[in-house]
DNA sequence: GCCGTTTTCGGCCCGACTGTTTTCAGTCG
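In our numbering, the protein residues as written are 88 to 660.
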């Protein structure tokens with residue numbers, strides 16, 4: 088059984104949880120968590136690295152010890168230190184760490200004093216009012232635990248970026264109407280454009296925070312006030328989204344924005360740089376002793392630690408700090424770089440608009456071209472096109488292109504990849520298209536090896552151009568299908584195939600990590616909206632955001648090219 | 001457990017809020 092990076096990361100995170108319960112050295116715990124992240128973000132499988140004899144201790148945050156443990160896990164599937172720790176604690180105990188308000192100290196107190204071993208035990212003890220009597224606890228804390236159990240459960244809920252954005256906009260507008268508020272900005276993972284957002288971090292500047300916080304907790308969407316101080320307050324909205332509001336004076340705007348944008352791992356790493364320079368960074372500024380050196384803008388903060396500005400999308404401590412120091416930061420692709428969209432549907436299959444409506448909408452966005460990619464026949468539920476209907480559509484496009492000014496429609500098709508790896512339409516019609524966009528729409532549950540080989544076989548077809556929504560995930564609804572992404576990427580590179588970043592808000596597929604894997608392998612990408620109506624063409628910025636998070640530059644993305652160069656880039660080798 | 005222009009030991013980011021607390025521990029981000 089192959090060991091996946093996610094398995095190793097999960098073992099290390101679990102080890103860290105148990106070490107926390109044990110009261111181990113916090114830095115040792117952090118080392119396990121950092122290693123878990125490094126492995127989870129790795130562009131190749133750790134297993135293949137181990138097998139090829141690579142030195143894992145070269146990886147950031149992984150030394151000789153953890154490199155040895157990783158090798159052990161790859162070879163045996165087991166992690167002795169984890170197994171040892173698991174013997175020391177009941178299996179359900181770490182789940183208690185996910186209950187709001189409970190950390191390692193309180194969990195251990197509950198365990199040793201009341202024999203609470205899992206969430207069910209906790210629930211019973213709360214109901215029996217046993218917890219209030221414990222030292223360091225109280226009736227109030229007991230009530231908070233009960234409340235956390237009832238309302239928030241133990242599973243973290245994340246929101247699709249677009250949903251969080253829809254909630255943030257009216258809230259930000261409302262906040263900016265509060266007396267004394269100058270700037271309002273959404274920071275956190277929303278600003279970093281992560282595909283999902285766990286909570287909203289909003290920053291305001293004002294002379295006095297207290298009245299702003301008092302107003303904030305009265306926002307009409309607030310379901311619950313979690314904390315309420317003078318410079319910071321946390322609420323739960325009716326939507327279930329948690330919002331942290333922080334207030335700082337204008338002179339600290341840049342430092343606070345930088346601080347609250349995160350990520351935490353990025354901030355920790357940059358602060359460590361500051362410490363080496365004898366500086367201290369906090370949300371109020373950059374300080375040498377008591378002297379403030381910077382804070383009004385983010386650029387000032389970066390300058391003080393000797394770094395150029397790092398775009399929010401890159402701030403994940405995935406090498407951006409090292410790249411910044413070396414002057415190697417990527418010049419990230421922007422929405423303005425995009426010259427066309429390579430995945431769009433019309434009424435012919437399951438879209439809402441006609442060819443000419445889609446063309447007009449694309450031209451209004453300033454595009455040079457738009458690929459019409461209605462579904463192929465296998466997707467009957469979407470009224471997929473057979474050979475005859477596709478030929479007819481091509482004729483329609485040819486005729487329309489003669490009339491259109493400023494935009495060219497490209498003849499294409501979203502061709503189903505059949506279970507056998509064959510494409511859903513014969514080569515005789517595929518060769519007449521400007522390009523193909525190929526995707527998996529059924530049999531999601533094949534084992535990784537078979538799914539991978541299905542896709543690679545499809546890529547063997549000389550008319551295969553772009554692998555659309557390569558993992559098939561639907562955020563919050565459907566997990567990505569099992570896939571050996573490195574093999575897919577390698578196969579794409581060898582055959583001159585491209586991969587898509589699908590910009591639909593519930594897909595965002597490839598994700599940021601996979602984008603980076605593809606880029607590092609030299610595979611070109613297309614950022615496409617998979618529009619099923621004219622309005623969807625506006626999702627481009629979501630795909631671009633994931634591309635930016637994956638370090639992509641305009642030169643990595645084919646639909647930044649003018650039409651002539653695009654045609655060249657689509658040619659298979 | 002990692003790491004090194006502080007290099008094989010001794011550091012490791014920093015502050016706000018809560019609740020129980022007479023000065024701080026725990027949790028969170």
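The beta carbon of each residue, even a glycine, is placed where N, CA and C say it ideally should be.
Span of the alpha helix (DSSP H), counted from its first residue to its last, around residue i
| i | result |
| --- | --- |
| residue 540 | 535-547 |
| residue 346 | 340-348 |
| residue 630 | 627-636 |
| residue 198 | 191-201 |
| residue 155 | 151-163 |
| residue 521 | Premise fails: residue 521 is in no alpha helix (DSSP H) and is neither H nor E. |
| residue 125 | 113-127 |
| residue 475 | 474-490 |
Expected contact under 8 Å - CB spacing of residue i and residue j to nearest Å
| i | j | result |
| --- | --- | --- |
| residue 457 | residue 494 | 7 Å |
| residue 472 | residue 435 | 6 Å |
| residue 340 | residue 302 | The Cβ separation is near 20 Å, so there is no contact. |
| residue 289 | residue 323 | That belief does not hold up - the Cβ atoms of residue 289 and residue 323 are roughly 14 Å apart, past 8 Å. |
| residue 496 | residue 484 | 5 Å |
| residue 209 | residue 221 | With a Cβ gap of about 12 Å, residue 209 and residue 221 do not count as contacting. |
| residue 168 | residue 90 | Contact flag wrong, Cβ pair sits at about 16 Å. |
| residue 267 | residue 232 | Incorrect: roughly 36 Å between the Cβ atoms, too far for contact. |
| residue 627 | residue 422 | 6 Å |
| residue 587 | residue 553 | 5 Å |
| residue 444 | residue 621 | 6 Å |
| residue 699 | residue 194 | Outside the modelled stretch of the chain, which goes from 88 to 660, sits residue 699, for which no answer is possible. |
| residue 207 | residue 248 | About 35 Å; that fails the 8 Å criterion. |
| residue 585 | residue 613 | 6 Å |
| residue 501 | residue 461 | 7 Å |
Environment of residue i [buried if 16+ CB atoms lie within 10 Å]
| i | result |
| --- | --- |
| residue 649 | exposed |
| residue 171 | exposed |
| residue 428 | buried |
| residue 415 | exposed |
| residue 475 | exposed |
| residue 463 | buried |
| residue 114 | exposed |
| residue 145 | exposed |
| residue 636 | buried |
| residue 123 | buried |
| residue 571 | buried |
Limits of the unbroken beta strand (DSSP E) element including residue i
| i | result |
| --- | --- |
| residue 312 | 309-315 |
| residue 369 | 367-369 |
| residue 456 | 456-459 |
| residue 329 | 329-335 |
| residue 498 | 495-498 |
| residue 381 | 378-381 |
| residue 288 | 286-292 |
| residue 184 | Premise fails: residue 184 is in no beta strand (DSSP E) and is neither H nor E. |
| residue 657 | Careful: residue 657 lies outside any beta strand (DSSP E), inside the alpha helix (DSSP H) at 650-657. |
| residue 320 | 319-324 |
| residue 509 | It is not in any beta strand (DSSP E) - residue 509 carries neither H nor E in the DSSP assignment. |
Which residues DSSP lists as bridging residue i, in chain order
| i | result |
| --- | --- |
| residue 589 | 596, 615 |
| residue 462 | 501 |
| residue 428 | 457 |
Of the residues the options, the one placed nearest residue i, counting alpha carbons only
| i | options | result |
| --- | --- | --- |
| residue 259 | 266, 250, 271 | 271 |
| residue 589 | 630, 254, 565, 566 | 630 |
| residue 566 | 574, 557, 432 | 557 |
| residue 186 | 381, 426, 213 | 213 |
| residue 92 | 645, 600, 612 | 600 |
| residue 510 | 542, 633, 273 | 542 |
| residue 121 | 136, 98, 137 | 98 |
| residue 317 | 311, 307, 291 | 291 |
| residue 657 | 610, 325, 165 | 610 |
| residue 399 | 638, 152, 96, 129 | 638 |
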